[in-house]
Amino acid sequence: MSPLEVSPRRRTNFAAVDDISDAISDCRCEFIEVIDKLIPASNLSYNIEKKKNEENFQLQSSFCITEIKQKNILRG
Numbered sequence: 001m002s003p004l005e006v007s008p009r010r011r012t013n014f015a016a017v018d019d020i021s022d023a024i025s026d027c028r029c030e031f032i033e034v035i036d037k038l039i040p041a042s043n044l045s046y047n048i049e050k051k052k053n054e055e056n057f058q059l060q061s062s063f064c065i066t067e068i069k070q071k072n073i074l075r076g
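Counting along the sequence shown from 1, when you hit position 53 you're at 53 in the numbering used here, and nothing is skipped either side.
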C-alpha cells in the first residue's frame with residue numbers, strides 16, 4: 001500500500017465518523033427548529049438585548065454611586 005492510500009479499516013472509521021457527524025448536525029438542526037417554534041427569534045433576541053441593557057445599567061449605576069460617595073468623602 002502506498003503512503004497516500006487509506007486502509008479499508010480507516011475508510012470504514014472515516015465513514016462512521018462522517019455518519020455520526022451528520023447525525024449530530026441533523027439533531028442540532030431539528031433542535032433549533034423546535035426552539036424557533038417555541039420561542040420566536042425576535043422575542044429571544046429582544047430578551048437577550050434587554051438583559052444586557054439591564055446589566056449595563058446596573059453596572060453604570062453602581063459606578064456612579066461609587067463616584068458620588070467618593071466625592072462626598074473627599075468633600076468631607
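The beta carbon of each residue, even a glycine, is placed where N, CA and C say it ideally should be.
Tell me the DSSP secondary structure of E5 in three-state form.
On the sequence shown, residue 5 is found 5 positions in, with the first residue counted as 1. For E5, the three-state secondary structure derived from DSSP is coil.
Taking only the alpha-carbon atoms, compute the straight-line gap between S62 and I32 and give it to the nearest angstrom.
For the purposes of this step, residue 62 is taken as residue 62 along the sequence shown, with counting starting at 1. For the purposes of this step, residue 32 is taken as residue 32 along the sequence shown, with counting starting at 1. Inter-residue distance for S62 and I32 is about 37 angstroms (C-alpha atoms, whole angstroms).
Return the CA-CA distance between A23 and P8, expressed in angstroms with no decimal places.
Position 23 of the sequence shown, counted from the first residue, corresponds to residue 23. Position 8 of the sequence shown, counted from the first residue, corresponds to residue 8. Rounded to whole angstroms, the separation of the alpha carbons of P8 and A23 is 23 angstroms.
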